[in-house]
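Novice: Input: one structure, supplied below.
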Amino acid sequence: MEKKNFFESVYENADHDDLSSIPWATLAPNIYLEKHLAMQGPVVGKKALVIGCGLGDDALILEKYGYEVEALDISPSAIALAKKRHPESKVDFHVGDIYDMPASSVGKYDFVYEGLTIQSLPPSDREKLVGIIVSLVAKEGELFVYAHAQDDTDNYGGPPWPLYADEFTLFEKEGLEQVYIEKETESKPVAPYKCCALYRK
Ligand SMILES: C[S@@+](CC[C@H](N)C(=O)[O-])C[C@H]1O[C@@H](n2cnc3c(N)ncnc32)[C@H](O)[C@@H]1O
Numbered sequence: 026m027e028k029k030n031f032f033e034s035v036y037e038n039a040d041h042d043d044l045s046s047i048p049w050a051t052l053a054p055n056i057y058l059e060k061h062l063a064m065q066g067p068v069v070g071k072k073a074l075v076i077g078c079g080l081g082d083d084a085l086i087l088e089k090y091g092y093e094v095e096a097l098d099i100s101p102s103a104i105a106l107a108k109k110r111h112p113e114s115k116v117d118f119h120v121g122d123i124y125d126m127p128a129s130s131v132g133k134y135d136f137v138y139e140g141l142t143i144q145s146l147p148p149s150d151r152e153k154l155v156g157i158i159v160s161l162v163a164k165e166g167e168l169f170v171y172a173h174a175q176d177d178t179d180n181y182g183g184p185p186w187p188l189y190a191d192e193f194t195l196f197e198k199e200g201l202e203q204v205y206i207e208k209e210t211e212s213k214p215v216a217p218y219k220c221c222a223l224y225r226k
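See below:
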């Protein structure tokens, strides 16, 4: 019998009356993404993608700012919960695997948001994963990454596996320009920093 995906097990077994029991679930949009969108203001006619969307709050705020949003997650239970929590939303929530994106998604999105998914997947996949994610961003499009980060001298182990500074530079090696990176101390015990970075193609 095929082993159930770890994330699917977490969402499937979650207490539906208390979804905040899911370890990473805040039941609210990511505050750094929210800050970025508030600074940028509303948009018209732009497409966004949320990778590893979980319960859907980040997709919802992108929709609120005018994006036409697709949001994918490997876990069917997460997608079912996201749809149930946001019944009025027009976000296209669907099951999808970031390792297996359709050819039609290459260069499709004006804004890609990735929060806490890269660090949840094996560190040996980082370069490959960054390559896939960068390929999805449209010309002159943006990528917003939120992750835990650790210093070169740290070894927090995992999962999740916090990103090292040089792993944030992989996005530039794949052809993006870093617009800014912001590190905030005290996200222990996962890592010393919460980190967000904006890149542009
Ligand atoms: C740590 S959770 C973060 C969820 C959400 N982004 C958040 O910030 O609350 C990682 C998410 O990535 C999803 N995920 C894991 N592997 C994936 C894959 N190969 N493709 C798409 N989503 C994946 C999981 O199901 C989970 O929802």
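Taking the numbering used here, the leading residue of the sequence shown gets 26, the next gets one more, and so forth.
For every residue, glycine included, the Cβ atom is placed at its ideal position computed from N, Cα and C.
Have a look at the DSSP bridge pairing and note the partners of ILE76.
Specialist: Answer is LEU97, GLU139, bridged to ILE76.
Novice: Could you spell out where the beta strand (DSSP E) holding HIS61 opens and where it closes?
Specialist: No beta strand (DSSP E) contains HIS61, which is instead part of the alpha helix (DSSP H) from 56-65.
Novice: Pick helix, strand or coil for ILE123, following the three-state DSSP scheme.
Specialist: Correct three-state label for ILE123: coil.
Novice: Restricting to runs no shorter than 4 residues, where is the alpha helix (DSSP H) found entirely within the region 185-214?
Specialist: Those alpha helix (DSSP H) runs which fall completely within the region 185-214 and span 4+ residues are 190-193, 195-198.
Novice: Classify PHE31: buried if its beta carbon has 16 or more other beta carbons within 10 angstroms, exposed otherwise.
Specialist: PHE31 comes out exposed.
Novice: With 16 as the cutoff for other CB atoms within 10 Å, does PHE41 come out buried or exposed?
Specialist: Residue 41 is actually His in this sequence, not Phe. HIS41 is exposed by the Cβ-count criterion.
Novice: Hey, would you say the C-beta of ILE56 is under 8 Å away from at least one heavy atom of ligand 1?
Specialist: No - ligand 1 has no heavy atom lying nearer than 8 Å to the Cβ of ILE56.
Novice: Mind listing, in chain order, the continuous alpha helix (DSSP H) runs of no fewer than 4 residues lying wholly within the region 147-188?
Specialist: Segments of the alpha helix (DSSP H) lying fully in the region 147-188: 151-161.
Novice: Could you tell me the alpha carbon to alpha carbon distance between ILE206 and VAL35, rounded to whole angstroms?
Specialist: Cα to Cα, the separation comes out at about 31 Å.
Novice: ASP122 and ILE99: beta carbons closer than 9 Å?
Specialist: Their beta carbons are under 9 Å apart, which means ASP122 touches ILE99 by this criterion.
Novice: So LYS89 is in the alpha helix (DSSP H); what residue range does that whole segment cover?
Specialist: From DSSP, the alpha helix (DSSP H) with LYS89 extends over 82-89.
Novice: Between ASP117 and ligand 1, is the CB less than 8 Å from at least one heavy atom?
Specialist: Every heavy atom of ligand 1 is 8 Å or more from the Cβ of ASP117, so no.
Novice: Checking the sheet assignment: what are the DSSP bridge partners for ASP43?
Specialist: The partner list for ASP43 (beta bridge, DSSP) is empty, contrary to what the question assumes.
Novice: Just how far apart, CA to CA, sit SER46 and ALA103?
Specialist: Their backbone Cα atoms lie some 14 Å apart in a straight line.
Novice: Could you check whether the Cβ of ILE86 sits closer than 8 Å to any heavy atom belonging to ligand 1?
Specialist: Not so, every heavy atom of ligand 1 lies at least 8 Å from the Cβ.
Novice: How far does the alpha helix (DSSP H) with TYR36 in it reach, from first residue to last?
Specialist: That run of the alpha helix (DSSP H) goes 31-38.
Novice: With H, G and I counted as helix, E and B as strand and the rest as coil, what does DSSP make of LYS226?
Specialist: Here LYS226 sits in coil by DSSP.
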